[in-house]
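> Attaching a single structure in structure tokens format; questions to follow.
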Amino acid sequence: MDYFFNLPTKIYFGEGSLKELKEAKNLGKSALLVTGKHFAIRSGLLKRVESILLNNGIRSIEFCDVEENPSVETVEKGGELAREKKCDFVIGLGGGSSIDTAKGIAVLATNPGGLREYFGNEKLKNPLLPVLAIPTTSGTGSEVTRYAVINDWQAQTKKVVSSFSILPKIAIIDPSLTLTLPKNLTASTGMDAFSHAIEGYLSTDANSLTEIFSREAINLIKRYLPPLMKENNPSLREKLSLAAFYAGIVINRTGTIIVHGMGYSLTLDYGLQHGAANALLLPYVMGYLGKKKVYQEKLKEILRTTKVKESLLKLNRRLNLPLTLKEVGVKKEDLKTLARRAMKDCERALLRMSIPLKEKDFLLIYKNAFK
Ligand SMILES: [Fe+2]
1320 MDYFFNLPTK IYFGEGSLKE LKEAKNLGKS ALLVTGKHFA IRSGLLKRVE SILLNNGIRS
1380 IEFCDVEENP SVETVEKGGE LAREKKCDFV IGLGGGSSID TAKGIAVLAT NPGGLREYFG
1440 NEKLKNPLLP VLAIPTTSGT GSEVTRYAVI NDWQAQTKKV VSSFSILPKI AIIDPSLTLT
1500 LPKNLTASTG MDAFSHAIEG YLSTDANSLT EIFSREAINL IKRYLPPLMK ENNPSLREKL
1560 SLAAFYAGIV INRTGTIIVH GMGYSLTLDY GLQHGAANAL LLPYVMGYLG KKKVYQEKLK
1620 EILRTTKVKE SLLKLNRRLN LPLTLKEVGV KKEDLKTLAR RAMKDCERAL LRMSIPLKEK
1680 DFLLIYKNAF K
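Following this note's numbering, the numbering of the sequence shown begins with 1320 at its first residue and continues without gaps.
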């Protein structure tokens, strides 16, 4: 029962909690406000945030350049701006991409060189700027994790800056900000959180505390995500935000296992949204692991069924998510390349597996997912 658990983030949760942004005044006088190119601007959220900051004596500098799957170059550009404008802290406003970019920028604002120097575990040289996270999706959990996942085109994969020091100082989780999230993104980001919860549950770094959060996140998503496809209401949104937050707490400790790594190339090469890639792979990965003794009992415990693959496919079907690799443009001849890349992309995840996996095992899973 020995375990280590650390979550130093101050969390405000609940509808209307955006007003707690006034607390940002304890972080400094000027903020770099990091967000995507569309949603926060068009919805008026960016202006709302800026006006709360201004009312509390905080100057904000906009950085609205974040793309889906943010690149090293974008983070480095933001880092330069934060240094030039002498920002005291960084706000990530948006989905996982914006929050992860904000974390990367906070690192580069005070650490020399490029972002690639900080990929890996605990590589920071200097303390970074404080980060405040305001998620507008219910999926990533990045508001309570020590990871910034950034796209490295040079290495043709996603890379991770992992450090307990990049955990946001403050997270404001206001479910009302997710109300206008389109259905397809609600489904895919919700399944990203589902994947965090289940992968975290099976990780060799899971402990009795993370298991509680995994179970609760899984139950909330199974129960409340499908109805959101039919009816958009604040109480369902609140349940989903809670689930994503719980699942973030899980992976902050456990990391993910192979589903995430196997999905990287589906996102980078086939344009599949991060959560949709995880959702597509889940039935086949869990179906495969469900046949192994060491995972059987745990999967039954958390999914409350022995028909693992079927039940996950059913969930994806209810969410109108793609069910096979063929559907998303993968060709049969691509499968070998995918398996080879998975070996590399799952390097860290393989350390959290209870069984060894080889390229042929990845190929088998991809083949199953292809049909
Ligand atoms: Fe994820």
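Think of the CB as a built atom: it goes at the ideal place given N, C-alpha and C, for glycine as much as any other residue.
Under 9 angstroms between the Cβ atoms of Tyr1322 and Asn1571?
Result no, Cβ atoms of Tyr1322 and Asn1571 do not sit closer than 9 angstroms.
> Taking Cβ positions, are Thr1456 and Leu1500 nearer each other than 9 angstroms?
Yes, these two residues count as a Cβ contact at 9 angstroms.
> Output yes or no for whether 9 angstroms exceeds the beta carbon distance between Thr1476 and Leu1448.
Not closer than 9 angstroms, so no.
> Would Ala1512 and Ala1566 qualify as a contact pair, given that the criterion is a beta-carbon distance under 9 angstroms?
Yes.
> Which of the three DSSP states is assigned to Leu1352 in this structure?
Strand, per DSSP.
> Between the C-alpha atoms of Lys1310 and Ile1491, what's the straight-line distance to the nearest angstrom?
This structure cannot speak to residue 1310, because the chain is shown only from 1320 to 1690.
> So Ala1536 and Leu1638 are supposed to be a Cβ contact under 8 angstroms. How far apart are they, rounded?
So it is not a contact: roughly 16 angstroms between Cβ atoms.
> The alpha helix (DSSP H) spanning Ala1668 covers which residue range?
1666-1669 is the span of the alpha helix (DSSP H), which, as asked, contains Ala1668.
> How long is the line joining the alpha carbons of Glu1462 and Leu1504, rounded to whole angstroms?
Straight-line Cα distance between these residues: approximately 18 angstroms.
> When every heavy atom of ligand 1 is checked, does at least one fall within less than 8 angstroms of the C-beta of Gly1458?
Yes, ligand 1 has a heavy atom inside 8 angstroms of this Cβ.
> Do you know how far the Cα of Ala1562 is from the Cα of Pro1553?
The alpha-carbon atoms of Pro1553 and Ala1562 are separated by roughly 14 angstroms.
> Pick out whichever of Pro1487, Val1391, Arg1556 has its Cα sitting closest to the Cα of Ala1474.
The shortest C-alpha separation from Ala1474 is found at Val1391.
> Say the cut is 8 angstroms; is the CB of Asn1597 nearer than that to a heavy atom of ligand 1?
At least one heavy atom of ligand 1 is nearer than 8 angstroms to the Cβ of Asn1597, so yes.
> With DSSP as the reference, label Ser1630 as helix, strand or coil.
DSSP places Ser1630 in helix when its eight states are reduced to three.
> Leaving out five residues on either side along the sequence, give the residues of the same chain with a beta carbon under 6 angstroms from the beta carbon of Leu1599.
Cβ within range, chain order: Pro1641.
> Give me, in chain order, the residues of the same chain whose beta-carbon lies closer than 8 angstroms to that of Thr1464; leave out the 5 immediate sequence neighbours on both sides.
The answer, listed in chain order, is Leu1486, Gly1567, Ile1570, Asn1571.
> Using a Cβ-Cβ cutoff of less than 7 angstroms, which residues in the same chain neighbour Arg1402 once the five nearest sequence positions on both sides are dropped?
Same-chain partners within the cutoff: Ala1428.
> Can you give the Cα-Cα distance for Gln1592 and Gly1509, rounded to whole angstroms?
One C-alpha to the other measures close to 12 angstroms.
> Considering only heavy atoms of ligand 1, does any lie closer than 8 angstroms to the CB of Gly1423?
Because no heavy atom of ligand 1 lies under 8 angstroms away, the Cβ of Gly1423 does not count as near it: no.
> Roughly how many whole angstroms lie between the Cα atoms of Pro1389 and Ser1417?
Their Cα atoms are separated by approximately 8 angstroms.
> Below 8 angstroms on the Cβ atoms is my guess for Glu1381 versus Leu1352; work out the distance and round it to an integer in Å.
Confirmed, about 5 angstroms.
> On the CB-based measure, 16 or more other CB atoms within 10 Å of its CB, does Glu1557 come out buried or exposed?
Counting Cβ neighbours within 10 Å, Glu1557 comes out buried, since at least 16 surround it.
> With a threshold of 6 angstroms on Cβ separation, who are the neighbours of Gly1333 within its own chain once the five nearest residues in sequence on each side are excluded?
If we look at Gly1333 and ignore the five residues flanking it on each side, it has no Cβ neighbours.
> If Ser1673 and Val1613 are in contact, beta carbons under 8 angstroms, what's the gap, nearest whole angstrom?
Contact holds; Cβ gap of about 5 angstroms.
> Within the segment 1560-1632, note down every full alpha helix (DSSP H) run reaching 4 residues or more, in order along the chain.
The qualifying runs are 1577-1589, 1593-1608, 1612-1622.
> Do the segment 1350-1368 and the segment 1405-1423 make contact, defined as three or more Cβ pairs closer than 8 angstroms?
Verdict: yes, contact present.
> Excluding sequence positions up to five away, which residues of its chain have a Cβ less than 6 angstroms from the Cβ of Met1662?
Once the five neighbours on either side are set aside, the close Cβ partners of Met1662 are Glu1678.
> According to DSSP, simplified to helix, strand and coil, what is Ser1481?
Strand, per DSSP.
> Indicate, with yes or no, if ligand 1 has a heavy atom lying under 8 angstroms from the CB of Asp1511.
Under cutoff, so the answer is yes.
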